[in-house]
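Here the structure comes first, spelled out in structure tokens, and everything after it is commentary.
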Amino acid sequence: MIAINNISFDYPITDEKTRTVLKNISLEIKEGESITVMGPNGSGKTTFARCLNGLLIPSKGKVIVDGLPTSEQANLTEIRRRVGMVFQNPDNQIVSATVEREIAFGLENLGKPYDEMHRIVDEMLEKFHLQQYRKRAPHYLSGGEKQKLAMAAVLAMRPSYLILDEPTSLLDPQSRKDILQLVRQFHSASLENDNSSITTIFITQFAEEALSADRLIIFYDGRIFMDGAPEKVFSNIKPLLEIGLEPPVKILMQNLVKRTSR
Ligand SMILES: Nc1ncnc2c1ncn2[C@@H]1O[C@H](COP(=O)(O)OP(=O)(O)OP(=O)(O)O)[C@@H](O)[C@H]1O
Ligand SMILES: [Mg+2]
3 MIAINNISFD YPITDEKTRT VLKNISLEIK EGESITVMGP NGSGKTTFAR
53 CLNGLLIPSK GKVIVDGLPT SEQANLTEIR RRVGMVFQNP DNQIVSATVE
103 REIAFGLENL GKPYDEMHRI VDEMLEKFHL QQYRKRAPHY LSGGEKQKLA
153 MAAVLAMRPS YLILDEPTSL LDPQSRKDIL QLVRQFHSAS LENDNSSITT
203 IFITQFAEEA LSADRLIIFY DGRIFMDGAP EKVFSNIKPL LEIGLEPPVK
253 ILMQNLVKRT SR
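Residue numbers for the sequence shown follow the working numbering, so the first one is 3 and each next one is one higher.
Here it is, written out as structure tokens:
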């Protein structure tokens, strides 16, 4: 479980001034959950995600990953092993000279035996349709291909928690569907196997992508605006529109039908 206990986060602006972008957030992320996070630009989603694996330490309150507080430096290596993160911009994440080395990189750091490492690299290249690029420099991939590579490299390490910060923002609609399906596959395959349950926290601006999650959390102005089952959250059409978020077309249509048949 990731316990988020009343956290706030301030970015320094000048020597004296700070800007509070997360405000008194408390949440529990339970093992096996699949969570979608939505919210307008600047509402604090990325800052929140970075607090979950200790890249940022809250200014107030605590984040505790499987009993380990992120505020203790000694816990950070273990926390980052458990909490995998795919960033909004894949260029910030890719470090290796070739596609296959990028997937192998984290596995090497985990000390995986050579044969197993090879098997996992092949499996990930195939799942993410990157086989033909295996010897290529990541630098020469398209934005969407880089996003897939960043995901493949993180998932290869089988984290307990997977945070995806708008991993589909550079993808075309078909690739977006493919990636979403892969995330779901990893999530449900892991549920069947108690040893490797992957909890997913998926940040997206596409309402349709939220419908398949167990839980939808809406951020607004550094706070949690709504938290619940996606269909239920999206049924609050007016407040969502007021903060600039559009529920999925399917929900809007259902609502229209309900209203006209009254
Ligand atoms: N390093 C920083 N220093 C100062 N302010 C920052 C910094 N990073 C982010 N911010 C501010 O914090 C607020 C929250 O940013 P954050 O990136 O968490 O939002 P977001 O919800 O992920 O937005 P987006 O949808 O655009 O990705 C924004 O107003 C942003 O300008
Ligand atoms: Mg963001």
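For every residue, glycine included, the Cβ atom is placed at its ideal position computed from N, Cα and C.
Note to self: Between which residues of its own chain and E102 is the CB-CB distance below 6 angstroms, once the five residues before and five after are set aside?
What the structure shows: V123, R136
Item checked: Three-state secondary structure assigned by DSSP to P175 -> helix
Next item on the list: Name the one or two DSSP bridge partners that V1 has.
Entry: Because the chain spans 3 through 264 in this model, residue 1 falls outside it and cannot be assessed.
Next item on the list: Report the option in F188, S171, F50 whose CA atom is closest to the CA atom of A154.
Entry: F188
Checklist line | 8 angstroms CB neighbourhood of L78 in its chain, flanking five on each side removed | finding: G56, T72
Check: Nearest-angstrom Cα distance between D196 and L70?
Finding: Unreliable placement is indicated for D196, whose pLDDT of 49 sits below 50; the coordinate value is still reported in the next sentence. Their backbone Cα atoms lie some 21 angstroms apart in a straight line.
Next item on the list: Buried or exposed for Q75, please, with buried defined as at least 16 other CB atoms from any protein chain shown within 10 angstroms of its CB.
Entry: exposed
Notebook entry, point to check: Cα separation between Y13 and C53?
Noted result: 13 angstroms
Next item on the list: Answer yes or no: the CB of V23 versus the heavy atoms of ligand 1, is any distance below 7 angstroms?
Entry: yes
Note to self: Distance check for L184 and G1, CA to CA, integer angstroms please.
What the structure shows: Nothing about residue 1 can be reported from this structure: the residues present for the chain run from 3 to 264 only.
Notebook entry, point to check: Out of F11, N26, I27, which has the shortest C-alpha to C-alpha gap to T20?
Noted result: F11
Next item on the list: Specify, as a first and last residue, the run of the alpha helix (DSSP H) that F50 falls within.
Entry: 47-54
Check: If you run the structure through DSSP and keep just helix, strand and coil, what is R261?
Finding: helix
Check: Who are L78's beta bridge partners in DSSP?
Finding: In DSSP, L78 forms no bridge with anything.
Notebook entry, point to check: Can T49 be considered in contact with ligand 1, in the sense that its beta carbon sits closer than 7 angstroms to one or more heavy atoms?
Noted result: yes
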